[in-house]
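**Q** In the working numbering, the protein residues as written are -9 to 485.
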Amino acid sequence: MGRLSLLFLAFLTPGAAIPVPPALRAFSKLHLSTSFTSHSAIAMKFTTHYIEQKVDHFGFNTDKTFKQRYLIADEHWRKDGGSILFYTGNEGDIIWFCNNTGFMWDVAEELKAMLVFAEHRYYGKSLPFGVNSFKDSRHLNFLTSEQALADFAELIQHLKTTIPGAKNQPVIAIGGSYGGMLAAWFRMKFPHMVVGALAASAPIWQFEDLVPCGVFMEIVTTDFRKSGPNCSECIRSSWDAINRLARTGPGLHWLSEALHLCTPLTNYQDVQRLKDWIAETWINLAMVDYPYESNFLQPLPAWPIKVVCQYFKNPDVSDAQLLQNIFQALNVYYNYSGQSRCLNISETSTRSLGSLGWSYQACTEMVMPFCTNGVDDMFEPSSWDLQEFSDGCFRQWGVRPRPSWITAMYGGKNISSHTNIIFSNGDLDPWSGGGVTKDITDTLVAITIPDGAHHLDLRANNAFDPKTVLLARSLEVKYMKQWITDFYASLRGKH
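1. Within 8 Å, do at least three Cβ pairs link the segment 123 to 139 to the segment 157 to 166?
2. Checking 9 Å against the spacing of the C-beta atoms, do Met207 and Ala13 come in under that value?
3. Tell me which residue opens and which closes the beta strand (DSSP E) that Leu105 is part of.
4. Compute the Euclidean distance between the alpha carbons of Asn122 and Tyr112, then round it to the nearest angstrom.
5. With Arg237 as the anchor, note down where its beta strand (DSSP E) starts and where it stops.
6. So which of Phe93, Leu255, Tyr168 and Ala192 has the shortest CA-CA distance to Thr427?
7. My guess is that Ala103 and Ser73 are in contact by the Cβ rule of under 8 Å, so how many angstroms apart are they, rounded?
8. Quick check on the DSSP output: what are the complete alpha helix (DSSP H) runs of length 4 or more inside the segment 123 to 156, in order along the chain?
9. Check whether the Cβ atoms of Tyr323 and Asn274 lie closer than 9 Å to each other.
10. If contacts are defined as beta-carbon pairs under 8 Å, then Ala189 and Ala173 qualify, I think. What distance do you get, rounded to the angstrom?
11. Helix, strand or coil for Gly166, going by three-state DSSP, please let me know.
12. Let me make sure I understand the geometry here. Which of Asp309, Asn321 and Asp306 has the alpha-carbon closest to that of Pro291?
13. Sort out for me which residues DSSP pairs Lys57 with in a bridge.
14. Across the segment 458 to 476 and the segment 405 to 425, are there enough close Cβ pairs to call them in contact, namely three or more that are closer than 8 Å?
15. Going by the CB atoms, is the gap between Ile232 and Leu313 shorter than 9 Å?
16. Grab me the residues of Cys203's own chain with a C-beta within less than 6 Å of its C-beta, minus the 5 sequence neighbours each way, in chain order.
17. With the cut-off set at 9 Å, would you say Thr438 and Gly423 are in Cβ contact?
18. Look at the Cβ atom of Leu61, then the Cβ atom of Val97, and state whether they are nearer than 9 Å.
19. What first and last residue would you give for the alpha helix (DSSP H) that runs through Phe93?
20. According to DSSP, simplified to helix, strand and coil, what is Ile85?
21. Looking at the strands, I want to know which residues DSSP matches up with Pro289.
22. With a Cβ-Cβ cutoff of 9 Å, do Ile85 and Tyr77 count as a contact?
23. Please check the pair Cys224 and Asn315, which I expect to be a contact at CB under 8 Å, by giving their CB distance rounded to whole angstroms.
24. Could you give the residue range of the alpha helix (DSSP H) that holds Val297?
25. Could you have a look at Tyr326 and say whether DSSP puts it in helix, strand or coil?
26. When the distance is taken between beta carbons, is Ile335 closer than 9 Å to Leu264?
27. Using a Cβ-Cβ cut-off of 7 Å (strictly less than) and excluding sequence neighbours within five positions of Trp293, which residues of its own chain qualify?
28. Restricting to Cα atoms, I'd like to know which of Leu101, Lys179 and Phe214 is closest to Ile405.
29. In whole angstroms, what is the alpha-carbon distance linking Ser308 and Ser217?
30. Measure the alpha-carbon distance for Gly442 versus Pro420 and round it to whole angstroms.
31. Taking the CB atoms as reference points, tell me whether Val210 and Met356 lie closer together than 9 Å.
32. If you count every other CB in all the chains shown that lies within 10 Å of the CB of Tyr40, and 16 or more means buried, which is it?
33. Secondary structure at Ala450, three-state DSSP: helix, strand or coil?
34. Of the residues Thr212, Leu418 and Leu117, which one's Cα is nearest the Cα of Met277?
35. Does Phe50 pass the burial test, meaning 16 or more other C-beta atoms within 10 Å, or should it be called exposed?
36. Tell me the rounded alpha-carbon separation between Ser330 and Pro118.
Pasting the structure below:
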């Protein structure tokens, strides 16, 4: 079976192992951690609120509701000529997003903005059925992007009717990653609610055959190739080296010792898990290849891929030496602080409620094909097999994916009738392969950030930011100011 066709198959029980392909496991992992914070120079002071939301916005046979959490920061909000920046929460705890979207805090005063961070249903504390929310597919049936967008629309209506001064103010949707997809889709589906959207690192085209299934892993490979002359070649050679060393019992023991694994390898399944874990590590590094030190899961140095590639200078080494180099490279990611005694290959497989929710979404709507060929990328060949993926989803959740639904719902590449959406992508970010990287119209604009990783532009200003991201943020603010100006001009025209 192609490993990437196991796209985010979920738990039968919360403690079960998830056979997750590296790309999507990394996608959600970014937002399930609570340890990585993009510190803004501005103090992040917010208040926490809850709103009663319908469990089902589109049916009429149930009145069941749940409490959706949202955060408000209004220190710089002005009722006269102000605005509302609305973060479309994605697959994780909303406080994490609040603390990691420093851009919104940095521009709040300039835009006289109230900041609102809305938590996505089934994540954080916004659980429609409490502890039973992930019990089975019947309880998870209301976890869809459409229901989440409807929550956002109801919340905005609530804010405008209950906060004095908010009624006649422009709202701008902002999100990153899946949240960026939601921000774009919110503008498309509810243009009367938001005057525009900033969709950062939003792979809205990573569906069906809108982009080649191999583009993601090719970008990861390019990141490593650019960071060291033989870096990607060494990693490509490492898979066969692992396979050769793992053919015997002594070889498994040697691998376990050489890589300082917390749990020894004992069989083929363990070796496959090891390779998936290593592949996910390279993907994570590509997404968080930031120009400054950061605390993503573990402390990381600035430009971490360059640091990793220092151990992959010579491709012509023995299998044993190559694996020892692999260990040194893995240590950059998992043991930069020098405090870990061993490496745990289960470490990146988050067992939180967030990963449960995202795995269900990947088995229903968020069906993103991935593949590798081992030639244009540095990974083992793996095909995308929708039928095998569907069978796995059915075994786990009792549901079948609908791979064409997102395209039918949100238009795929036929979105030129929409307006006022900024699509920003860093060229280091592998998710840019499924994103909008060229202008579609003069109001559906693409901003490409050279030397930018996963939604770097949404991070707080940093002294080590490349000029490219400073320019991107200034352009984003310029567009948002124009949307705000146009809104108030239209308002005056109506009166």
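C-beta atoms are modelled at their ideal positions from N, C-alpha and C, and glycine is treated no differently.
**A** This is what the structure gives:
1. no
2. yes
3. Ala103 to Ala108
4. 11 Å
5. Careful: Arg237 lies outside any beta strand (DSSP E) and carries neither H nor E.
6. Ala192
7. About 5 Å; that satisfies the 8 Å criterion.
8. 127 to 130 and 135 to 152
9. yes
10. 5 Å
11. strand
12. Asn321
13. Glu42
14. yes
15. yes
16. Pro359, Phe360, Cys361 and Trp374
17. no
18. no
19. Gly92 to Val97
20. helix
21. Asn285
22. Cβ distance not < 9 Å, so Ile85 and Tyr77 don't count as in contact.
23. 7 Å
24. Pro294 to Cys299
25. coil
26. yes
27. Asp279 and Pro281
28. Lys179
29. 22 Å
30. 11 Å
31. Contact flag unset, no.
32. exposed
33. coil
34. Leu418
35. exposed
36. 38 Å
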